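Numbering (the working numbering), first residue to last: 47 to 367. Read through the structure below, which is laid out as C-alpha cells, and then see the notes.
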Amino acid sequence: MMKIHKIIMAVALSFTSLGAFAQASYPERPIRMIIPFAAGGPADMVGREVAQLLSQELGQPVVVANAGGGHGVPALNQLLGAPADGYTLLMPASGNMTIPSKAMEGKDVLNLLDPVSQVTQSPHVLVVSKSIPVTSVQELIDYAKANPGKVNFGSAGVGGVAHLAMEMFKDQADVDVVHVPYRGTSKAVVDLGAGQIHALFSSMPSLKPMIDRGVVTPIGMSSASSGSETSKLPVISEAGLPNLEYTTWYGVFAKKGTPEEIIQKLNKAVLSVVENPELNKKFEPQGVEFVSSTPEELAALVRKDSAKWQKIIDEAGIQIE
C-alpha cells in the first residue's frame with residue numbers, strides 16, 4: 047500500500063510540475079486580444095499599438111480581433127467561450143465594464159473576468175456648436191438657463207458615458223437641456239458641426255478634426271489632462287461645476303480563473319508597454335495618457351465607476367437598452 051501511495055504522490059507532483067512549467071513558459075503561441083469596437087476607431091487604434099508592443103514584450107504575436115456592438119457583450123462572450131489560459135484577452139473601454147445593459151442584467155463582470163491592468167485614461171472634451179453664442183462652461187450654463195428646453199446635447203446612444211455626462215451637467219447646473227441620442231459618435235459630431243445639435247461630450251480623437259478646423263468650440267475637460275492640446279482647456283470641475291469629474295479608460299482583462307502567474311506576467315508586460323516613449327508621444331496630443339495598474343487597482347476602479355454611473359442612471363430614471 048505504501049508503494050502505491052508513493053506512486054500516486056509522484057504522479058500528482060509530476061502533474062503539478064508540468065502545470066507550473068506550462069505557466070512559466072507562457073506564452074508558447076499567439077495571443078488573441080478582443081476589442082469590442084469596430085476597426086479604425088479610437089479604441090482600435092490604441093489597441094493595435096498596444097498589441098504590437100505586447101508582442102515584443104511577450105515574444106509571441108498578439109493579434110487584435112474586433113467585435114463591435116452590443117455594449118461589448120459579443121466581445122465578452124467570445125472571451126468567455128475561450129479557455130482561461132491567457133491566450134484570449136479583452137481590452138474594453140470603461141463604459142463596457144461599468145455601465146449596465148439589459149444583456150448583462152444581474153451579472154457582475156468581476157465575477158466573469160480577471161483584471162490584468164489599466165492601459166489608458168482620458169478625459170472627455172465638452173464641445174459646443176458655433177450655432178450658439180457660447181465659448182465657456184459658464185456661458186453654456188447661462189445660455190441654457192436663459193433658453194430652457196432649447197439647448198440639446200448629442201451622444202453616441204442612451205446610457206453611454208456621453209449621455210450620463212450630460213445628465214451630470216443637467217443636474218449640477220440645474221438646467222433644462224434635451225438629450226439627442228445617436229447610434230455612434232461620428233454622426234453626432236457631423237451634426238454638431240452643422241449646428242443641428244448644440245453640445246457634446248466625447249473623446250479628443252473623435253473631436254480633434256472638427257476642433258482643428260474651427261468648426262466646433264472646445265470649452266472644457268471632464269478631468270485634468272497633461273496633453274499638449276487638452277491641457278490648454280479648463281477643467282469643468284474648476285469652471286463652474288465642481289462635482290462634474292470623470293475619465294474614460296481602457297483596460298486589459300482575462301477570463302476568470304486564469305492562473306495568477308499568467309496574470310502577473312501580463313501585468314508586467316503592460317507596465318513595460320505603457321512606459322514606451324514613442325507610444326506616449328503618438329497619442330499625447332489626443333489627450334490619451336497611458337497608465338498601468340495592479341489587477342486589484344483595476345478591480346477597484348471598475349467598482350467605483352460602476353457605482354457612480356448607476357447612481358446617475360437611477361436618479362435620472364434612464365431606461366438602459
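Cβ atoms here follow ideal geometry from the backbone N, Cα and C, with glycine treated the same way. None of these values were measured; they are calculated from a predicted model.
- Under the DSSP assignment, Thr-181 falls outside any alpha helix (DSSP H); it carries neither an H nor an E label.
- Note on the stretch 229-317: whole alpha helix (DSSP H) runs with a minimum of 4 residues are 231-239, 250-258, in chain order.
- Closest in C-alpha terms to Glu-291, from the list Arg-94, Ile-309, Ala-211, Gln-124, comes Ala-211.
- Cβ-Cβ distances below 7 Å link Tyr-72 to Gly-132, Ile-308, Lys-311 in the same chain, with the five nearest sequence neighbours on each side left out; the list follows chain order.
- When the beta-carbon positions are compared, Gly-297 and Pro-146 stay at least 8 Å from each other.
- For Leu-158, no alpha helix (DSSP H) encloses it, and the DSSP letter there is neither H nor E.
- Across the structure, Ser-177 and Gly-241 are spaced so that their CA atoms are roughly 5 Å apart.
- Residue pairing by DSSP leaves Glu-213 without any beta bridge partner.
- Remark: C-beta atoms of Gly-203 and Leu-246 do not approach each other more closely than 8 Å.
- When DSSP reads this structure, Thr-166 sits in a beta bridge with Tyr-296, Phe-336.
- Going by DSSP, Asn-198 is part of the beta strand (DSSP E) stretching over 197-201.
- DSSP, reduced to helix, strand and coil, places Arg-75 outside both helices and strands of the structure shown, so it counts as coil.
- In the structure shown, the three-state DSSP call for Ile-366 is coil.
- Cβ-Cβ separation between Thr-166 and Phe-299: approximately 14 Å, too far for a contact (criterion under 8 Å).
- Sequence-distant partners of Gln-124 (beyond 5 residues in either direction) whose C-beta falls short of 7 Å from its own C-beta, in its chain, are Ile-80, Ala-113.
- Counting C-beta atoms within 10 angstroms of its own C-beta, Gly-118 has 16 or more neighbours from the protein chains shown and is therefore classed as buried.
- Comparing alpha carbon positions, the residue from Met-214, Pro-331, His-225 closest to Lys-357 is Met-214.
- For Ala-139, the three-state secondary structure derived from DSSP is strand.
- Residue pairing for Pro-129: DSSP places it in no beta bridge.
- Following the DSSP letters along the chain, one finds Pro-88 in no beta strand (DSSP E) but inside the alpha helix (DSSP H) bounded by residues 88-104.
- With three or more CB-CB distances shorter than 8 Å, the stretch 271-290 counts as touching the stretch 180-187.
- Between the C-alpha atoms of Met-256 and Thr-276 there is a straight-line separation of about 14 Å.
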